[in-house]
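Line by line, the protein sequences give chains S and E. Letter 368 of the first sequence, counting from 1, is numbered 367 in numbering that gives the first Met the number 0, and no numbers are missing. Letter 40 of the second sequence, counting from 1, is numbered 39 in numbering that gives the first Met the number 0, and no numbers are missing.
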Amino acid sequence: MKKNNDLATLELNYKNDCLKMKLILSVLLFSLPILIFSQEEDLNSMKNLDSVVVTSYKTESIRKTSLNVVSLKIDSLSKYGNFNLTDLMARTPGVSMLTTGVAIAKPVIRGLYGNRVLMLISGMKFDNQQWQEEHGLGLSDVGISKVEIVKGPMSVLYGTEAIGGIINVIEEDKPKIHTKETEYSTKFNSNTLGGSLQYGFKANYGKRWFRFRAGIENNADYSDGNNKRVLNSRFDAYQVKSTFGFEKKNWTSTNNYMGTFNRFGFIFNDVYSFVTPDARWSRALNVNPCHLVLLNILSSENKIKLKNSNLFVNLGLQSNERMENEGGGAISLNMQLLTLQYLTKWEKQLNENNKLVLSSLGSVEKNINFGSRKIVPDANILESNVSAYLETSVKNKLIFENGLGVGGKIIQTLYTPTVNSNEKIIHPFTKKSPYYNVFTGVTYFPNNRFNIKLNVATGVRVANLAELSSNGLHEGIFTYEIGNPNMKNEQNFAFNFYANYKIKKFELSVSPFYNYFLNYIYLTPTNESWYGFPVYRYKQQNATQCGAETTLRFKPTEALLTSVSYSGMVSITQDGNYTPYIPAQKINGSINYTLKARNHSPIQLYTNADYCFAQNYVAPFEKKTPSYWLLNAGASTTIVKEKVSYVFTLAGNNLLNVAYYDHLSRFKNYGLLNIGRNIAVNIKIKFTGATKK
Amino acid sequence: MKNYIKSVMFLAMGLLVFSSCEKDGGNLPTISFKTGGSYTSSDATKAVGTSLTIGINAAKAEKKDVLKKIDISRSINGGASTSVFNKDLSGSDGDNYSYDYTGTVDYTAGQTCKYTFTITNRDGLTNQVALTVTAQ
Chain S
0 MKKNNDLATL ELNYKNDCLK MKLILSVLLF SLPILIFSQE EDLNSMKNLD SVVVTSYKTE
60 SIRKTSLNVV SLKIDSLSKY GNFNLTDLMA RTPGVSMLTT GVAIAKPVIR GLYGNRVLML
120 ISGMKFDNQQ WQEEHGLGLS DVGISKVEIV KGPMSVLYGT EAIGGIINVI EEDKPKIHTK
180 ETEYSTKFNS NTLGGSLQYG FKANYGKRWF RFRAGIENNA DYSDGNNKRV LNSRFDAYQV
240 KSTFGFEKKN WTSTNNYMGT FNRFGFIFND VYSFVTPDAR WSRALNVNPC HLVLLNILSS
300 ENKIKLKNSN LFVNLGLQSN ERMENEGGGA ISLNMQLLTL QYLTKWEKQL NENNKLVLSS
360 LGSVEKNINF GSRKIVPDAN ILESNVSAYL ETSVKNKLIF ENGLGVGGKI IQTLYTPTVN
420 SNEKIIHPFT KKSPYYNVFT GVTYFPNNRF NIKLNVATGV RVANLAELSS NGLHEGIFTY
480 EIGNPNMKNE QNFAFNFYAN YKIKKFELSV SPFYNYFLNY IYLTPTNESW YGFPVYRYKQ
540 QNATQCGAET TLRFKPTEAL LTSVSYSGMV SITQDGNYTP YIPAQKINGS INYTLKARNH
600 SPIQLYTNAD YCFAQNYVAP FEKKTPSYWL LNAGASTTIV KEKVSYVFTL AGNNLLNVAY
660 YDHLSRFKNY GLLNIGRNIA VNIKIKFTGA TKK
Chain E
0 MKNYIKSVMF LAMGLLVFSS CEKDGGNLPT ISFKTGGSYT SSDATKAVGT SLTIGINAAK
60 AEKKDVLKKI DISRSINGGA STSVFNKDLS GSDGDNYSYD YTGTVDYTAG QTCKYTFTIT
120 NRDGLTNQVA LTVTAQ
């Protein structure tokens, strides 16, 4: 396997990028309308500003909250040929993904990721030890109906980690009353000669409903834009979901179980020194290094109608078991994180113009090491947060939102041999970290053509176990990492602005932001060494981030929609260095067209082009990456025949098979390119019938 | 009764899903001094200016293990330890590694020098052997 880091060579191939970019934009903006887009994806269009979101304090339309929220409607199989849920979200301006191959992807909101982005699943905080860059989320789009992305902090409500943004994964809803739906779907990826199979069933009996969904996925090693195999980038997954919901007099309850098991081939510094190529389309994951993630979640979402108010009570139990086989077939690292948590909200309309929401959340977590390799110690973690929120509406055109939150987190590390035993410099400790947050915002929507929002909020993140107590060799990278139990809370002050204006066939939205971080935590090399391994230490200093996203849409006819979006940002620490993995500036152009023919189902066509600028704003020791552009296109149609519907989707990504390094790909460090051309074919068949009354 | 059985099954399944497995403490890689011949393999007293050879054999302790690095350091009269040899191990060296360190008693009479040989495996687990040479 070639392991060069010859980014300079690649740069030469892109010396005419500026010209290419102009060409793409010209084609997209002015060429004949060919294709469209019609997935119900919300890019903050005026139409979708009426979408109802639930991630805020209350369920309401996007225009009526000062938060910058994007709502993505997702079918059980996306029409975009994405490999995972993060891949799909990264098509939103301001959202990108930190990848380790095509399977391991972490969402990045305005340059923040990991423990700086809070994930919600079934209304509960999702913790899967995401502090490490190479840890995948293990989430797919199986059985999901919607993802809401909040850009900016929301620690007032959700406490620590809701500092850069929130991703709320919302499960599919119940079917219509007294109906049942059975669904079979399949997907094929040409690049990996792999794909997925899904089965789903759900039924609504009026006062109660349930669903069951199962999926399997399997992909071989991918090929890059030079048609070279990236050995051991294979992955597979198994997913099961079930739901039981019921309605009683004043009580509505939805209870979910989700179980997933993911295996990701793992590539690190010296992996190719002992991994030899097996059969090209091998899917074996029991010999060479791989990550294994076993996730089980039980959750219960409840709404109770009280006299003149509503009470929401969510409960959840999660088990996240993360294992690593670092070669040889045996499990070396094995950590289990058990989380028990609750979130309650009490909502009361005080009068015609004022609404009060009081909320409380709490969680108990236990981290246990079972493997011989240990990165962080065994630990008990306790968190609690209470908040109050007041919404004031003025003439149904102007809404003021104000919130105040108080919380704290207690981390107790336990004696763990080789991590905090006597010979180590960090010993077991208990750390208490109180925090305080405020939120104030305003949204103005005088008519359905104009919406302007501004919010100022604080966010907080208590240093995670790795940052506080790491004391060991980082697997694969072979740097010796040392935490600091005296870390202060990372706190940010965020200013988020959003404006959307629609006039006739044009629509323009702009959303600049500014973030000031106190005690930003980062990992940095030192001059020390540990038996010859370089020592890295977690440190803190203030940091500043700013950037913007903007989208221009033009819809000349009902069938045609074109758009151009831009996103860009910088992030810099007090000492003048850039923070790592800042997303490169990006321009996306798309053309979407709905082809209608008499007596035939409409065909939805789209093409889009992504142009990523070169990223030269890099952290010390981080590699720069050259610019690149990708061309994507696809088509889909839905044929409905009585009680059966058929959905056919064809999606092509990186159609020109460009060889490129994305700046947020960790593989760039090993000289491994991103994925080349992939053609994905999806077929879904859905049967609808009536249930017994 | 039927509901009771269902509840017990559900509870058992839940316990299985959320329960844990046994802890694996891990086996340290092995390291030992070579003995016999001209090897110094235990504490010794040597004349200033004489040469000494200290040999070690290191091996992985488990099939899946890989030796990652060997480090040799020395500390004179209990002072700060400085590395005198350091090597990344790969290929067959990752399974077994043998090395002969050759040095000179280059410190003054009466001083002691502690030589520490440290082997580290892929998991960051280390094992050490050490000996002290006194100059006369």
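Heads up, the beta-carbon is just placed ideally off N, CA and C, and yes, glycines get one too.
Does the beta carbon of residue i come closer than 8 angstroms to any beta carbon on chain E?
i	result
S:I35	Only weak support is given to the placement of S:I35: the predicted model assigns it a pLDDT of 30, under 50, and the question is left unresolved by the model.
S:L357	no
S:D277	no
S:F532	yes
S:F477	yes
S:G214	no
S:R536	no
S:S362	no
S:S699	Residue numbering for chain S in the displayed model covers 0 to 692; residue 699 of chain S lies beyond these limits and cannot be assessed.
S:S635	no
S:L27	Any answer about S:L27 is weak, because its pLDDT of 38 lies below 50 and its placement is not dependable; what the coordinates show is given next. False, the Cβ-Cβ gap to chain E never drops below 8 angstroms.
S:R372	yes
S:S272	yes
S:S241	no
In the DSSP assignment, find the beta strand (DSSP E) that holds residue i and state where it starts and stops.
i	result
S:Y183	178-188
S:Y157	Careful: S:Y157 lies outside any beta strand (DSSP E), inside the alpha helix (DSSP H) at 154-157.
S:N721	Any property of residue 721 of chain S remains undetermined from this structure, which presents chain S solely from 0 to 692.
E:E61	Here E:E61 belongs to no beta strand (DSSP E), and DSSP marks it neither H nor E.
S:F516	505-529
S:I380	378-393
S:V312	308-324
S:R262	250-264
S:P106	103-108
S:G402	397-412
S:Y565	559-572
S:Q131	Per DSSP, S:Q131 belongs to no beta strand (DSSP E) and is neither H nor E.
In three-state terms, what does DSSP make of residue i?
i	result
S:L293	strand
E:D23	coil
S:D223	strand
S:A465	helix
S:V680	strand
E:S91	helix
S:V534	strand
S:V26	In this prediction, S:V26 scores a pLDDT of 38, lower than 50, which makes its location untrustworthy; no coordinate-derived value is stated.
S:Y443	strand
S:V146	strand
For residue i and chain S, any beta-carbon pair shorter than 8 angstroms?
i	result
E:R73	no
E:D70	yes
E:D23	yes
E:N85	yes
E:K89	The sequence shown places Ser at residue 89 of chain E, rather than the Lys named in the question. For E:S89, the answer is yes, since a Cβ of chain S falls inside 8 angstroms of its Cβ.
E:T117	yes
E:T44	no
Tell me which residue opens and which closes the alpha helix (DSSP H) that residue i is part of.
i	result
S:T85	84-88
Exposed or buried, which one is residue i when buried takes at least 16 other CB atoms within 10 Å?
i	result
S:N285	exposed
E:F116	buried
S:Q238	buried
S:H662	buried
S:S528	exposed
E:V83	exposed
E:D105	exposed
S:D574	exposed
S:W280	exposed
Output, in chain order, the set of chain E residues within a Cβ distance shorter than 9 angstroms of residue i.
i	result
S:E325	K63, V65, R121, D122
List, in order along the chain, the chain S residues whose C-beta lies closer than 8 angstroms to that of residue i?
i	result
E:T81	Result: empty, since nearest Cβ-Cβ is about 11 angstroms, beyond 8 angstroms.
Report the neighbours of residue i on chain S: residues whose CB is nearer than 7 angstroms to its CB, in chain order.
i	result
E:T125	Y530
List the residues of chain E that residue i touches, going by C-beta distances under 8 angstroms, in chain order.
i	result
S:G471	G123
S:T687	Ordered by position in chain E, no residue passes the 8 angstroms Cβ test against S:T687, which lies about 30 angstroms from the chain.
S:T417	G25, G123, L124
S:S70	What S:S70 touches in chain E: nothing, since even the nearest Cβ is about 32 angstroms away.
S:S184	Result: empty, since nearest Cβ-Cβ is about 26 angstroms, beyond 8 angstroms.
Quick one: list the residues of chain E neighbouring residue i, beta-carbon separation under 7 angstroms, in chain order.
i	result
S:D269	S89
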